[in-house]
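I have placed the structure first, in the form of structure tokens, so that the comments after it can refer back to it.
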Amino acid sequence: MVIRQLPDDLVNKIAAGEVVERPASVVKELVENALDAGAKRIAIATAAGGKSLIRIEDDGHGMDEDDLRLSVQRHATSKLADDGLDDIRTLGFRGEALASIGSVSDLSIASRREDGPSGMILTVKRGQIDGPRPHPMNRGTIVEVKSLFAAIPARLKFLKSDRAEANAITDVVKRLAMAHRNVHFVLTGSDRQTLNWPAQSGETAVQSRLAQIIGTDFPQNAQEIAFSRGGIVVGGLAGLPTYSRANTLNQYYFVNGRSVRDKVLLGAVRAAYADFLHRDRFPVLALFVAIDPAEVDVNVHPAKAELRFRDPGAVRGTVIRAISEALAAAGFRASSSVAQ
Ligand code: ADP
Ligand code: MG
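The opening position of the sequence shown corresponds to residue 2 in my numbering, with each subsequent residue numbered one higher.
Here's what the structure looks like:
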């Protein structure tokens with residue numbers, strides 16, 4: 002007999018290798034949890050680029066004692082009501098983020114439900130669970146991650162400088178804040194200014210949020226995208242060709258509220274601007290695609306940054322058309338037949 006079933010804490014560590022690549026991935030998982038909990042205000046604080054501390058405080062619905070205990074167990078989730086994977090409406094669903102993070106850091110989770118008698122706190126030190134114990138607090142959840150990867154020198158070695166890790170965290174929070182404009186985000190780090198993006202609502206929420214994050218001159222140099230066809234709804238702001246960049250760093254893509262990197266969307270944007278931009282210039286753009294969740298598979302990649310469309314051709318055609326119409330409204334009319 003040479004095969005053995007691995008113990009849970011080792012399984013969690015292996016999973017952590019996929020889910021928790023760097024501090025920014027921890028921030029992404031924790032902020033997504035806060036959003037899934039219906040938070041209206043999320044405060045993120047980090048020290049040393051997230052290597053020594055990541056602290057996320059939300060005012061969401063919180064957890065009771067039993068849920069808190071389950072939350073750090075692997076494959077424990079409140080987000081898959083039935084056992085299907087083809088209709089996912091929350092940001093999380095794998096039920097492994099907290100278990101994974103707990104296996105590679107000192108983790109504490111304090112939480113209180115509105116109707117709870119008091120708050121409770123649970124700690125996980127390198128996989129060892131302690132609590133829950135009573136902990137006075139307001140409704141919501143506070144998660145603290147300390148000494149990330151301290152016990153895994155190999156992983157620690159691959160992290161970049163504090164500044165680079167802090168920048169990656171800022172990028173993650175930016176993307177989440179663009180997609181969730183009705184939520185107030187506050188981000189503080191040891192060496193940077195506080196970013197404070199109050200909630201936006203109403204018709205100009207997209208413009209206001211993108212002005213907060215990309216810069217106040219962006220909406221002035223962009224055209225609103227508003228188009229839908231065949232159940233695919235495309236929105237956002239398309240930067241004017243006159244406002245282009247030398248790289249794609251200022252392009253933000255979202256599908257059903259999730260920031261994604263996707264070849265179909267990138268290709269569609271390239272095609273839509275082909276008549277107006279030289280090959281080495283790229284538009285600034287924030288593109289929001291809403292589509293029936295059954296038409297996309299987000300279960301391709303553990304960090305869910307990649308996805309697969311069931312009908313990529315329809316998505317491509319619709320996005321090209323949506324951007325072409327926006328650009329035409331701003332006076333940039335395509336001469337070729339790209340506009341399908
Ligand atoms: P997933 O998000 O995939 O369900 P996680 O490991 O990230 O898995 O979280 C496990 C569970 O813990 C969630 O399903 C949720 O019920 C609960 N949870 C985690 N974070 C929060 C939070 N900030 N507020 C309320 N509940 C939370
Ligand atoms: Mg989660």
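We put the beta carbon where it would ideally sit given N, CA and C, even for glycine.
Proximity of residue i and residue j at Cβ, strictly below 8 Å
i, j, result
"Ala-38", "Thr-142", "yes"
"Val-241", "Gln-252", "The sequence given here has Leu at residue 241, not Val. Against a cut-off of 8 Å, the Cβ pair of Gln-252 and Leu-241 comes out as no contact."
"Ala-327", "Ala-269", "no"
"Val-207", "Leu-266", "no"
"Ser-245", "Arg-282", "yes"
"Phe-289", "Gly-216", "no"
"Asp-131", "Lys-52", "no"
"Leu-149", "Ser-104", "no"
"Ala-152", "Arg-127", "yes"
"Leu-99", "Val-73", "yes"
"Val-28", "Ile-55", "yes"
"Ala-287", "Leu-211", "yes"
"Leu-69", "Ser-112", "yes"
"Ala-25", "Val-173", "yes"
"Gly-117", "His-136", "no"
"Pro-199", "His-181", "no"
"Phe-277", "Phe-333", "yes"
"Arg-75", "Val-125", "no"
Backbone secondary structure at residue i - three-state DSSP
i, result
"Ala-306", "coil"
"Ser-361", "Any answer about residue 361 is impossible in this case: the structure gives the chain only from 2 up to 341."
"Ala-340", "Confidence at Ala-340 is low in this model, with a pLDDT of 47, below 50, so the placement of that residue should be treated as unreliable; the coordinate-derived value is given next. Looking at Ala-340 - three-state DSSP - the assignment turns out to be coil, as it is neither helix nor strand."
"Gly-231", "coil"
"Val-21", "coil"
"Glu-58", "strand"
"Arg-134", "strand"
"Gly-96", "coil"
"Phe-333", "coil"
"Ala-44", "strand"
"Ser-260", "strand"
"Ala-291", "strand"
"Leu-31", "helix"
"Arg-246", "strand"
"Val-144", "strand"
"Leu-36", "helix"
"Gln-208", "helix"
"Asn-139", "coil"
"Thr-217", "coil"
"Ala-239", "strand"
"Val-320", "helix"
"Ile-122", "strand"
"Phe-150", "coil"
"Asp-298", "strand"
"Thr-78", "coil"
"Phe-277", "coil"
Close beta carbons around residue i, own chain, < 6 Å, minus the five adjacent residues each side
i, result
"Glu-58", "Ala-44 and Ile-143"
"Leu-196", "Leu-188"
"Gly-190", "Thr-47 and Ala-167"
"Pro-284", "Gly-240, Ser-245 and Tyr-274"
"Leu-157", "Phe-150"
"Lys-345", "In this structure the chain extends from 2 to 341, so residue 345 is not present and cannot be described."
"Asp-65", "Arg-114 and Gly-117"
"Lys-147", "Leu-54 and Asp-107"
Nearest-angstrom beta carbon gap, residue j and residue i [assumed within contact, 8 Å]
i, j, result
"Arg-317", "Val-297", "Contact doesn't hold; Cβ gap of about 14 Å is too wide."
"Ile-110", "Leu-123", "5 Å"
"Ala-40", "Asp-60", "5 Å"
"Asn-411", "Ser-209", "The chain is shown only over 2 to 341; residue 411 falls outside these bounds and no answer can be derived."
"Ala-291", "Val-234", "4 Å"
Same chain, Cβ closer than 7 Å to residue i, neighbours up to 5 away in sequence not counted
i, result
"Ala-340", "For Ala-340, the predicted structure reports a pLDDT of 47, less than 50, and the residue's modelled location is therefore unreliable. The matter cannot be settled from this model."
"Lys-175", "Ile-214"
"Leu-308", "Val-256, Val-261, Asp-263, Val-297, Asp-298, Val-299 and Val-301"
"Arg-23", "Leu-160, Glu-166 and Ala-169"
"Ala-315", "Gly-231 and Ile-233"
"Arg-220", "The amino acid occupying residue 220 in the given sequence is Pro; Arg does not appear at that position. The answer, listed in chain order, is Gln-208, Leu-211, Ala-212 and Leu-238."
"Met-138", "Ala-111, Arg-113 and Gly-120"
"Ser-336", "Asp-276"
"Pro-313", "Val-265"
"Asp-10", "Ser-104 and Gly-128"
Beta-carbon contacts of residue i that lie in its chain and below 8 Å, excluding the five residues immediately before and after
i, result
"Glu-115", "His-62, Gly-63 and Arg-140"
"Leu-71", "Ala-77"
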